[in-house]
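Chemist: Line by line, the protein sequences give chains A and B.
First residue of the first sequence? That's 1 in full-length UniProt numbering, and the numbers climb one at a time after it.
First residue of the second sequence? That's 1 in full-length UniProt numbering, and the numbers climb one at a time after it.
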Amino acid sequence: MSRVILQTHDLTVRFGGHVAVDHVSCGFKTGELTAIVGPNGAGKTTYFNLISGQIPSSEGRVDLNGRDITRMSVSQRCDMGIGRAFQLTNLFPNLSVLENVRLVIQAKAKMGFNLFSMADSHAEITDRAVAVLDKVKLYDLCEEPVSVLSHGNQRKLEVAMLIALEPLVYMFDEPTAGMSVDEAPVVLDLIAELKAEKDRTILLVEHKMDVIRTLADRIIVLHNGALAADGDPAEVMASDVVQEAYMGKELDNV
Amino acid sequence: MLMKLLSGDAPRSRVLTVILMAILFCLAFAPFLFPGVRSVDTAARICVFILLVASYDLILGYGGIVSFAHTMFFGMGAYGVALACTHMERGFGALIVGASGGAILAALIAFLIGLFSLRVRAIFFAMITLAVASAVAVLVSQLSGLTGGEDGLTYKIPRELTPAFRFGKETFGGEILGVKTNGRLLAYYVVFTGALVLFLLLLRIVNSPFGRVLQAIRENDFRAEAVGYRVISYRTAATCISAAVAALAGALYAIWLRYVGPDTALSFEIMVDILLMVVIGGMGTMYGAVIGATLFVVAQNYLQGLMGAASSAVEGVPILPDLLSADRWLLWLGLLFILSVYFFPTGVVGRLRDGK
């Protein structure tokens with residue numbers, strides 16, 4: 001059951017002289033929820049960008065299901081099963097909430113080049129989109145354009161779009177950032193629900209320690225772009241590395 | 001049935017519906033409602049420009065792609081028909097070969113431009129289209145042996161579409177409602193039907209799954225790529241479809257005019273007109289093309305006359321006659337354009353939909 005599905009080998013990216021992600025080798029198993037932590041600027045989002053392909057790597061390799069995907073485009077990686085929710089809300093602002101989710105399901109159904117049927121006539125796609133929106137409690141806002149949604153609801157939609165994609169690897173980048181205390185649980189419950197299905201691989205960038213404590217099976221710590229710790233949550237959280245990283249101290253002596 | 005024809009995309013405003021129905025009615029019966037060479041000519045021009053502007057709206061309004069080569073694609077269809085009619089036997093075969101040849105060439109060129117430049121930033125595509133369109137315009141005026149140069153080409157279309165062809169003498173005396181039933185009437189309906197069918201096809205395309213992807217790319221190409229759409233393929237496909245339809249509009253225009261020349265089918269002025277029509281009507285609505293083209297072509301044809309009349313009416317008053325002189329029509333059109341962009345940034349259609 002738990003075999004490595006996603007593996008990065010010495011994954012590195014340099015921006016000029018700055019090494020943002022530094023030879024990170026890490027494997028992610030099916031059924032495992034890995035929290036990625038580290039101080040601001042540690043390279044967590046950049047590491048995500050390298051895996052999902054928004055930024056080309058300078059060095060190293062990404063394997064998905066044993067296949068090298070390092071040179072693939074973002075859309076090809078998405079086809080292969082890499083799904084991503086973004087940290088800064090990144091939606092289709094003038095399309096309706098339903099349309100945003102519909103587009104994801106339509107992409108998965110490979111219907112994009114269907115030119116002569118009416119988009120709204122594909123009931124199976126609309127139904128599926130409605131079901132996902134129901135799950136994140138956005139059904140009532142179906143017809144609204146995304147631009148009028150509150151920040152919290154936009155975050156929920158962001159998560160809904162990833163769930164609708166049903167990828168092999170779910171990548172959540174601070175899914176609850178900026179959400180109110182009442183809203184965050186909806187998203188966290190969804191992630192917990194995904195995790196409970198056992199066969200999902202989930203990567204989660206998160207700052208809130210209580211969230212990590214309840215959800216994570218494993219924690220990896222990035223610091224200055226390099227892998228600083230990797231292991232069981234309780235162990236890693238107790239370690240000096242995390243303590244110091246979160247206190248913002250230098251890690252010169254590690 | 002009606003909604004199916006409109007692909008489920010209703011005008012969504014009562015006033016807009018009424019205006020569109022009125023335009024459709026006027027165009028459908030133009031030869032009977034407004035008999036006279038000039039008014040029927042205006043109606044045919046409106047039909048052609050509605051289609052041309054709608055095809056431009058597909059890439060600009062739905063795809064968010066700025067192109068300056070749309071007149072070039074229009075010209076390819078027009079010259080396609082002209083060349084086929086010049087070099088082939090007179091008949092409908094030549095029209096079909098010319099129109100489809102022009103459309104295929106337009107799609108092919110659009111494909112090549114798209115493949116090389118849409119990969120990079122959208123502004124690069126705009127510049128490339130400008131360069132290619134200018135090059136083609138120069139080429140057409142220089143290759144006078146083939147294209148007739150600046151003089152253009154006159155050619156013979158099938159006899160059935162010319163005024164010399166009369167029909168229905170026995171059954172209804174060669175006249176319907178006082179309008180002579182000749183080939184010119186048939187030619188008008190070829191243009192009208194062609195434009196209507198292709199317009200409905202475009203309306204279907206923008207409401208298809210493909211059309212939704214285009215809108216998603218316009219909204220956020222980064223995210224569209226991340227949910228699994230290969231952005232460049234969609235942009236290129238949209239450009240090809242748009243180019244092919246523009247070429248077909250050009251072919252209809254060539255059938256109607258029985259003449260093509262750089263001024264009627266390739267000039268940069270037409271490109272500016274198309275941009276104005278799409279903006280005035282409302283981008284990304286398709287129906288905006290109908291409103292924009294109708295307003296613009298009518299203004300182009302009748303504003304001058306109207307102003308001439310107004311100018312002589314206020315004779316004796318200082319300054320006013322000069323301002324209203326027929327030569328100043330572009331000044332007023334420019335002013336109208338600025339005002340309309342200022343007050344209706346979403347075009348006439350957008351304004352009507354908001355104010356329902």
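All residues carry an ideal CB built from backbone N, CA and C; glycine is no exception.
Would residue 209(B) pass as an interface residue toward chain A - the criterion being a Cβ-Cβ separation below 8 Å?
Modeler: Flagged as an interface residue toward chain A: residue 209(B), by a C-beta distance shorter than 8 Å.
Chemist: Hey, residue 125(B) and residue 65(B) are a contact pair by Cβ (cut 8 Å); roughly how many whole angstroms apart?
Modeler: 6 Å
Chemist: Could you pull the DSSP bridge partners for residue 171(A) from this structure?
Modeler: 84(A) and 203(A)
Chemist: Relative to the C-alpha of residue 260(B), which residue among 33(B), 322(B), 205(B) and 72(B) is closest?
Modeler: When each option's Cα is compared against that of residue 260(B), the closest is 72(B).
Chemist: Under 8 Å, Cβ to Cβ, is there at least one residue of chain B near residue 250(A)?
Modeler: Reliability of the predicted coordinates at residue 250(A) is poor, the pLDDT of 48 falling under 50, and the value obtained from them is presented with this limitation in mind. No, residue 250(A) lies away from the interface with chain B (no Cβ there is under 8 Å from its Cβ).
Chemist: Candidates 115(A), 195(A), 26(A) and 150(A): which alpha carbon is nearest residue 297(A)'s?
Modeler: Shown here, chain A extends from 1 to 254; a query on residue 297(A) therefore has no answer.
Chemist: Here's a check: name, in chain order, each residue in its chain whose Cβ is nearer than 6 Å to the Cβ of residue 42(A), leaving out the five neighbours to either side.
Modeler: 222 and 223
Chemist: If you draw a straight line from the C-alpha of residue 186(B) to the C-alpha of residue 279(B), how long is it?
Modeler: The straight-line gap from Cα to Cα measures roughly 32 Å.
Chemist: With 16 as the cutoff for other CB atoms within 10 Å, does residue 234(B) come out buried or exposed?
Modeler: buried
Chemist: Mind listing the chain B neighbours of residue 95(A)? Cutoff is C-beta to C-beta under 7 Å, in chain order.
Modeler: 215, 216 and 219, listed in chain order.
Chemist: The stretch 142 to 172 of chain A: which residues have C-beta closer than 8 Å to a C-beta of chain B, in chain order?
Modeler: 161 and 165
Chemist: Determine, using beta carbons only, whether residue 265(B) and residue 277(B) come nearer to each other than 8 Å.
Modeler: No, Cβ-Cβ distance for residue 265(B) and residue 277(B) is not below 8 Å.
Chemist: Just checking my contact of residue 5(A) with residue 45(A) at CB under 8 Å: how many whole Å lie between their CB atoms?
Modeler: In fact, because the Cβ distance is near 21 Å, the residues do not count as touching under 8 Å.
Chemist: Per DSSP, which residues does residue 281(A) bridge with? Please list them.
Modeler: The first residue shown for chain A is 1 and the last is 254, placing residue 281(A) beyond what the model contains.
Chemist: Is the separation between the beta-carbon of residue 49(B) and that of residue 133(B) shorter than 8 Å?
Modeler: No, Cβ-Cβ distance for residue 49(B) and residue 133(B) is not below 8 Å.
Chemist: When the Cα atoms are used, what is the spatial distance from residue 343(B) to residue 243(B)?
Modeler: 31 Å
Chemist: Taking just the CA atoms, how far does residue 90(A) sit from residue 249(A)?
Modeler: In this predicted model, residue 249(A) has a pLDDT of only 49, less than 50, meaning its place in the structure is not dependable enough to derive any value.
Chemist: Are residue 153(B) and residue 82(B) touching if we call contact CB-CB under 8 Å?
Modeler: yes
Chemist: Could you check what DSSP says for residue 70(A) in three-state terms: helix, strand or coil?
Modeler: coil
Chemist: What's the gap between the Cα of residue 157(A) and the Cα of residue 9(A)?
Modeler: 32 Å
Chemist: What's the C-alpha gap between residue 41(B) and residue 250(B)?
Modeler: Answer to the nearest angstrom: the Cα atoms are 15 Å apart.
Chemist: Between 227(B), 321(B) and 267(B), which lies nearest to residue 137(B) when the distance is taken from Cα to Cα?
Modeler: 267(B)
Chemist: For my contact list, residue 169(A) and residue 82(A) are in at a C-beta cut-off of 8 Å; report their separation, rounded to the angstrom.
Modeler: Contact between residue 169(A) and residue 82(A) is confirmed by a C-beta separation of about 5 Å, below the 8 Å threshold.
Chemist: List in chain order: all unbroken beta strand (DSSP E) runs of 3+ residues lying wholly within the stretch 8 to 84 of chain B.
Modeler: none
Chemist: From the DSSP output, in three-state form, read off residue 226(A) for me.
Modeler: Of the three classes helix, strand and coil, the one that applies to residue 226(A) here is strand, per DSSP.
Chemist: If we require 4 or more residues per run, which alpha helix (DSSP H) segments fall completely within the stretch 259 to 288 of chain B?
Modeler: 262 to 265 and 268 to 281
Chemist: Find the residues of chain A that neighbour residue 225(B), judging by a C-beta separation of less than 7 Å, and give them in chain order.
Modeler: Those are 74 and 75, listed as they occur along chain A.
Chemist: Can you list, in chain order, the residues of its chain whose CB lies under 7 Å from that of residue 351(B), leaving out five sequence neighbours each side?
Modeler: 344
Chemist: Decide if residue 99(A) is buried, meaning its Cβ has at least 16 other Cβ atoms within 10 Å, or exposed.
Modeler: buried
Chemist: Listed from N- to C-terminal order along the chain, which residues in the stretch 106 to 118 of chain A have their beta-carbon within a distance smaller than 8 Å of any beta-carbon of chain B?
Modeler: Residues passing the 8 Å Cβ filter: 106, 107, 108, 111, 112, 113, 114, 115, 116, 117 and 118.
Chemist: Can you give the beta carbon distance from residue 12(A) to residue 57(A), rounded, assuming they're within the 8 Å contact cut?
Modeler: 6 Å
Chemist: Using DSSP's beta-bridge definition, name the partner residues of residue 96(A).
Modeler: 145(A)
Chemist: Run through DSSP, which three-state label would residue 231(A) get?
Modeler: strand
Chemist: Determine the contact status of residue 95(A) and residue 159(A), defining contact as a CB-CB distance below 8 Å.
Modeler: At the C-beta level, residue 95(A) and residue 159(A) stay beyond 8 Å of one another.
Chemist: Check the C-beta distance from residue 238(B) over to residue 59(B) and give it rounded, since I have them as a contact under 8 Å.
Modeler: 5 Å
Chemist: Quick one: what does DSSP say residue 119(B) is sitting in, helix, strand or coil?
Modeler: Note: residue 119(B) maps to coil in three-state DSSP.
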